[in-house]
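Working notes for the structure below.
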Amino acid sequence: MASWFNAMAKSIGPKLVIVLGLGGAAWGAMHVLDRPAAAEAEPIAAQAASPAAEAAVPTPAAQPVERRSDQPMEIDPRALTVKRVLAIDGPFRHGDYVWDEKGAPATGPVIITIDLKAETLSVFRDGYEIGAAVILYGATDKPSPLGAFPITQKDADHVSNLYDAPMPYAQRLTSDGVFIHGSDVEYGRGTHGCIGVPTEFAKKLFGVTKIGDVAVITNGKMLNVGKAKVGA
């Protein structure tokens, strides 16, 4: 994982963009101003006569392993391919967000990217950015962690066990209490390590993610996957 964060990108504004391709890749903070068909059912008698059909039991999705803030996961660079970013006109201020699923696939893998230096979160579905927001994060006694972390818990009405504070639309990233959750995103405020986003944005984000989806947190550094093998 440490090899990912091997070069500092020059920050030119508060908008995270990942750019990946076959020839090379760069990860940094930028400001973007323009920005299976169903099978035919078998007859009931045939189903009853088939031992395989009788034995078929749906297998639940595996629960991702919980990780501490100092235990980020490895991630397949192919998951980070970006096909489109949203157009954002004008400066992105605290409390601002955009959400636009138009033109994006209705299904596909979801990945969240968070750039602490740019103070921005973006969500991509099948490589298409569908939402972005200015964030709050932990920067002093309990900084937000860096690395990739799977969502291991979702709770729309979560309340912090430590601070007795509401954390609407909370999505747990680490076993030691780092979540993405709704917050009053105002300039000068911070968190105890969590990623705070505007509550309405948090609700939308909550609606498109599932357990196991990954959030990748960086601090304005670059990700070099130029030698990664990308499948056709």
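The opening residue of the sequence shown carries number -4 in this note's numbering; numbering runs sequentially from there.
Every residue gets a Cβ at the ideal spot worked out from N, C-alpha and C, and that includes glycine.
Predicted model only: the values in this text are computed from it and were never measured.
Tell whether a beta-carbon distance below 8 Å holds between residue i and residue j.
{"i": "glycine 172", "j": "proline 163", "result": "no"}
{"i": "lysine 188", "j": "lysine 112", "result": "The question names lysine, but residue 188 in the sequence shown is glycine. No; because the gap between Cβ atoms is not below 8 Å, this pair is not in contact."}
{"i": "valine 77", "j": "alanine 128", "result": "no"}
{"i": "arginine 62", "j": "phenylalanine 144", "result": "yes"}
{"i": "leucine 200", "j": "valine 118", "result": "yes"}
{"i": "leucine 75", "j": "glutamate 124", "result": "no"}
{"i": "threonine 204", "j": "valine 105", "result": "yes"}
{"i": "serine 139", "j": "isoleucine 83", "result": "no"}
Here's the rule: buried if 16 or more other CB atoms are within 10 angstroms of the residue's CB, otherwise exposed. What is residue i?
{"i": "leucine 141", "result": "buried"}
{"i": "leucine 157", "result": "exposed"}
{"i": "glutamate 181", "result": "exposed"}
{"i": "glutamine 166", "result": "buried"}
{"i": "arginine 73", "result": "exposed"}
{"i": "glutamate 69", "result": "exposed"}
{"i": "threonine 102", "result": "exposed"}
{"i": "lysine 67", "result": "Here residue 67 is proline; the residue named in the question, lysine, does not match the sequence. Buried."}
To the nearest angstrom, how far is it from the Cα of residue i to the Cα of residue j?
{"i": "aspartate 95", "j": "aspartate 110", "result": "20 Å"}
{"i": "isoleucine 206", "j": "lysine 198", "result": "15 Å"}
{"i": "serine 170", "j": "threonine 213", "result": "19 Å"}
{"i": "proline 161", "j": "glycine 202", "result": "19 Å"}
{"i": "aspartate 71", "j": "arginine 88", "result": "32 Å"}
{"i": "leucine 17", "j": "aspartate 65", "result": "Since pLDDT at leucine 17 reaches only 30, below the 50 mark, its modelled position is unreliable, and no value is offered."}
{"i": "threonine 108", "j": "threonine 147", "result": "16 Å"}
{"i": "aspartate 179", "j": "glycine 215", "result": "23 Å"}
{"i": "aspartate 150", "j": "threonine 135", "result": "26 Å"}
{"i": "glycine 90", "j": "serine 155", "result": "22 Å"}
Mind checking which residues open and close the alpha helix (DSSP H) that includes residue i?
{"i": "phenylalanine 201", "result": "194 to 203"}
Residue i and residue j look like a contact to me (Cβ under 8 Å); what is the Cβ gap, rounded to whole Å?
{"i": "proline 100", "j": "arginine 120", "result": "6 Å"}
{"i": "glycine 185", "j": "leucine 131", "result": "6 Å"}
{"i": "glycine 133", "j": "tyrosine 92", "result": "The Cβ separation is near 20 Å, so there is no contact."}
Over the uninterrupted beta strand (DSSP E) stretch that includes residue i, give me the two end residues.
{"i": "histidine 176", "result": "174 to 178"}
{"i": "glutamate 124", "result": "123 to 129"}
{"i": "methionine 68", "result": "Unbroken run through methionine 68: none, as it is neither H nor E."}
{"i": "leucine 116", "result": "115 to 120"}
{"i": "phenylalanine 144", "result": "142 to 145"}
{"i": "glutamine 148", "result": "148 to 154"}
{"i": "tyrosine 158", "result": "Element bounds for tyrosine 158: n/a, residue is neither H nor E."}
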